Structures are given as C-alpha cells and as structure tokens.
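Working notes for the structure below.
In this note's numbering, the protein residues as written are 1 to 101.
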C-alpha cells in the first residue's frame with residue numbers, strides 16, 4: 001500500500017507452488033496487480049501522482065536431475081501502464097542451472 005494525497009495505491013501479489021517430489025521439484029505460478037516497490041523496472045513510477053497499473057503473470061518449472069543438478073525454466077507476461085492510459089506488453093523468459101556439491 002502506497003499512500004498519496006488523494007488516495008491509496010494498492011499492489012497485490014499471489015504466488016503458489018505445487019511440489020512434485022523434493023524441495024527443488026515443483027511448478028510455480030505468480031499473479032500480480034499494481035506496482036511493486038521491489039520491481040526495479042517499474043520503481044520510477046512510485047513517485048508519480050497518477051497511480052499507474054501493471055498486471056502480471058508468470059510461471060515456471062524447477063526440477064532436479066541425479067540429485068546434484070537443478071534446472072529451472074520460467075516465463076512471464078506483464079501488461080504495464082507506463083503513462084496514463086498508455087500500456088505496453090512485456091514478455092520475460094529464463095532458464096537456469098545449479099550444481100550442488
């Protein structure tokens with residue numbers, strides 16, 4: 001919640017995981033609404049009097065292979081209002097690898 005002179009700006013986030021095995025084997029889904037102060041790509045908007053909105057969804061799959069190798073695949077979509085009544089689409093994707101020892 002971000003207060004200003006006229007109203008309060010609301011930001012919401014929901015994240016869930018479904019575990020398929022161990023602690024590193026799961027699928028995840030995240031939904032978001034509003035501007036998160038932790039999102040550095042949108043932080044410039046926090047001091048704006050007009051409360052711009054962002055809607056986002058992301059998900060991914062994390063799994064282990066032979067106990068020492070952890071792989072991650074994720075993707076996301078955001079509908080970002082960067083000026084009043086001006087919106088843009090942002091797509092993100094990533095892959096990751098961790099080696100345990």
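Glycine included, each C-beta is placed from N, C-alpha and C at the ideal position. All of these numbers come straight from a predicted model, not from anything done at the bench.
Inter-residue Cα distance where the pair is residue i and residue j
| i | j | result |
| --- | --- | --- |
| residue 96 | residue 71 | 6 angstroms |
| residue 100 | residue 85 | 47 angstroms |
| residue 62 | residue 19 | 9 angstroms |
| residue 35 | residue 79 | 11 angstroms |
| residue 88 | residue 24 | 34 angstroms |
| residue 11 | residue 26 | 26 angstroms |
| residue 69 | residue 98 | 6 angstroms |
| residue 33 | residue 66 | 38 angstroms |
| residue 8 | residue 17 | 30 angstroms |
| residue 90 | residue 81 | 11 angstroms |
| residue 15 | residue 83 | 27 angstroms |
Nonlocal neighbours in the same chain, by C-beta distance under 8 angstroms from residue i, ignoring five residues either side
| i | result |
| --- | --- |
| residue 93 | 74, 75, 76 |
| residue 59 | 27, 28, 29, 30, 74, 75, 76 |
With 16 other Cβ atoms within 10 Å as the buried cut-off, status of residue i
| i | result |
| --- | --- |
| residue 22 | exposed |
| residue 56 | buried |
| residue 29 | exposed |
| residue 52 | buried |
| residue 54 | buried |
Other residues of its chain near residue i: CB distance less than 6 angstroms, five sequence neighbours each side excluded
| i | result |
| --- | --- |
| residue 13 | 32 |
Beta-carbon proximity list for residue i, same chain, < 7 angstroms, skipping 5 on both sides
| i | result |
| --- | --- |
| residue 64 | 22, 24, 25, 70 |
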